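Protein chains in written order, with the working numbering: chain X, 527 to 600; chain S, 527 to 600. Glycine included, every Cβ here is placed at the ideal spot set by N, Cα and C. Everything numeric in this text was worked out from a predicted model, so none of it was measured. Right, one structure below, let's go through it.
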DNA sequence: ACTATATGTATAGTAAACTATATATTTATA
DNA sequence: TATAAATATATAGTTTACTATACATATAGT
């Protein structure tokens, strides 16, 4: 199981907000938003909930689990 | 904003599972579950989603944001 | 009372989230 | 084509999630 997201899609479709402005809105750095969008990391639940709240979405609408071939178990 | 959870309640009310067994089920250590329950840390979204999936719950049913007096903004 | 199981607590280490800074590239626009 | 804004990418540092190990306490069952 690994984490994926469609944050980038949300950024464009829902609010047309820049990485920088979203970062400001949820209290992190632009690099943090960028790293989440490019899958470089797996945000904390606190941050993911803040992002979801920003878009008036549930966390699961933006972040979701997918199976991964490597790393089967867990 | 900070993160709180009712994982302990879920553990007892929903499945009567021990910290150890839940830890095994989601692929972490017993201490990790303990630390989440006692608010010592803020799990990754990946882990929180696995825990929610284990209980057939949405993440928001178990983990949620609350305002905190200190640390107002953000 | 003994044993097993669940939980709490502590210390030390590793991995990964997140920041800071800086530079480069893309895209739009005057 | 010059300029600005958004995004990409890289390196290095700090903080915190998470592991490993160990020991102590609580509870329940025999």
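- Residue 590 of chain X places its beta carbon less than 8 Å from that of residue 530 of chain X.
- When only Cα atoms are considered, residue 594 of chain X and residue 577 of chain S end up about 18 Å apart.
- Inclusion of residue 571 of chain X and residue 558 of chain S in the CB contact set at 8 Å is not warranted, their separation being larger than that value.
- By the criterion of a C-beta distance shorter than 6 Å, residue 561 of chain S is surrounded in its chain by 567, once the five residues flanking it on both sides are discounted.
- Leaving aside the five residues that flank residue 588 of chain X on each side, the residues in its chain whose CB is nearer than 8 Å to its CB run, in chain order, 531, 532, 533, 536, 574, 577, 578 and 581.
- Per DSSP, reduced to three states, the secondary structure at residue 570 of chain S is strand.
- Spatial neighbours of residue 552 of chain X in its own chain (CB-CB distance under 7 Å, excluding positions within 5 residues in sequence) are listed in chain order as 573, 576, 577 and 580.
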